[in-house]
Amino acid sequence: MSKPASGAARIDIDVTPQAWYDLILRRCGLTFRHVRMPDVIGLVHNQMRARGIGDETVYYQLLAGQSGASTEWDALIERLTNHETSFFRHPPSFDALRAHILPSLRAAKPHGSRLSLWSAGCSTGQEAYSIAMCAMDDVTAGDFTVWGGDISHQAIKIARQARYGQRAIAPVPEPYRQKFFTKVTGSSGAEYEIVEELRRRVKFMTTNLVEPDGFRPSHDVVVCHNVLIYFSPAAVTRAVSWLASCVAPDGYLLLRPGEAPNDRPPGLEPVVISGVRAFQRRSPKSAVEVRS
């Protein structure tokens, strides 16, 4: 019989599919509305085999005794999540950044101050780089840093490489392709690498939106798209509340329309921008209204 890495003795418990569902939900906030539970259990068993553990109860106890940021949770999350994303995936949000949000922030900020923009749930980096392209393209943006966070270590590793295939860059507007990508030769043929001037402004980290471990940054823009749809209602509420707390005075939170429809980010006010679900933390001196 296998034992947990700690050497703890096996305790007999009934590890049902519901028990796995509850554990994964509690640690990561993930639900599996569009995936059959037997398929999820199959992925769990695949990871057990990779670890050389043949006893499901032992593996459950191993995970239940570790935090959501542990190495074993990282490995399991890689199997349970997909990294589907693309550049400029929700065009109205990026239009809003260019036309309204970045100019209004610059108007409210002291001259020369640095903007901080966060892609929460950035997957393999396309959203974070898209935000950076918009900021680089805005002559009023000045100095800025884009932060990309995701629960997947593997996704963050790919994001840091800053290389993408021909199909991946297809949604990028042609002027941006010319300005921000360099064609290089990769292991599978031609690839397109983000230019150094843009790449150095984008930083990546692993982040769990459900278990942030006390991490509470302050950003002028927080973008969270196509992430909350995978969370349970309770996890959505916790994540939206935490995301809202990370918005700086005069800053904005952008959610994908249709995501978290019943959750109003605490402390933020709705902003009317066509096609975008946007909220702003109004500072006492802020009088900037953004309208379509």
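So for the sequence shown, our numbering puts the first residue at 152; every next one is plus one.
Glycine is no exception: its CB is placed at the ideal position from the N, C-alpha and C atoms.
Status (buried if at least 16 other CB within 10 Å, exposed otherwise) for residue i
i    : result
P384 : exposed
T275 : buried
S244 : buried
T358 : buried
H262 : exposed
Q277 : buried
V422 : buried
Q431 : buried
G402 : buried
Q169 : exposed
S339 : exposed
Neighbourhood of residue i by C-beta distance below 6 Å, restricted to the same chain and skipping five residues each side
i    : result
A220 : Per-residue confidence for A220 stands at a pLDDT of 49, beneath the threshold of 50, marking its modelled position as unreliable; the derived number appears in the next sentence. Cβ within range, chain order: n/a, list empty.
S369 : A399
A279 : S270, C273, V297, G299 and V353
Nearest residue (CA-CA) to residue i, options the options
i    : options                   : result
A319 : E342, L214, C273 and L253 : E342
L253 : T357, L214 and A283       : A283
A411 : T336, I175 and V387       : V387
I380 : D294, S369, E235 and R352 : E235
L176 : V422, D246 and R389       : R389
R230 : Q212, D190 and D288       : D190
G426 : L174, Q329, T296 and H241 : H241
S434 : I192, L256, L214 and F295 : L256
L349 : R432, H251, D294 and D246 : D294
N377 : D301, P416, E347 and L248 : D301
Assumed close pair residue i, residue j - CB separation to whole angstroms, cut-off 8 Å
i    : j    : result
W269 : V372 : 7 Å
G299 : C375 : No, G299 and C375 are not in contact; Cβ-Cβ is about 12 Å, not under 8 Å.
S281 : F332 : Not quite, the Cβ-Cβ distance comes to about 12 Å (not below 8 Å), so this is no contact.
L419 : A395 : 5 Å
L174 : Q198 : About 13 Å separates the two Cβ atoms, so there is no contact after all.
Span of the beta strand (DSSP E), counted from its first residue to its last, around residue i
i    : result
R428 : V427 to Q431
A395 : No beta strand (DSSP E) contains A395, which is instead part of the alpha helix (DSSP H) from P384 to S396.
K260 : It is not in any beta strand (DSSP E) - K260 carries neither H nor E in the DSSP assignment.
A271 : L266 to A271
D301 : F295 to D301
D288 : That residue, D288, is in no beta strand (DSSP E); its alpha helix (DSSP H) goes Q277 to D288.
Boundaries (first-last residue) of the alpha helix (DSSP H) holding residue i
i    : result
I307 : H304 to Q312
H196 : M188 to R202
Y343 : Segment G340 to I345 is the beta strand (DSSP E) holding Y343; no alpha helix (DSSP H) there.
E420 : That residue, E420, is in no alpha helix (DSSP H); its beta strand (DSSP E) goes E420 to I424.
Residues near residue i by beta carbon distance below 7 Å, same chain, minus five either side
i    : result
G92  : A query on residue 92 cannot be resolved here, the shown segment of the chain reaching from 152 to 443 and no further.
S264 : none
S188 : Looking at the sequence shown, residue 188 is not Ser but Met. Excluding residues within five positions, the ones whose Cβ falls inside 7 Å are P168 and Y172.
R328 : I320
Any non-hydrogen atom of the ligand SAM within 7 Å of residue i CB
i    : result
I282 : You won't find the ligand SAM in this model; it holds no ligand whatsoever.
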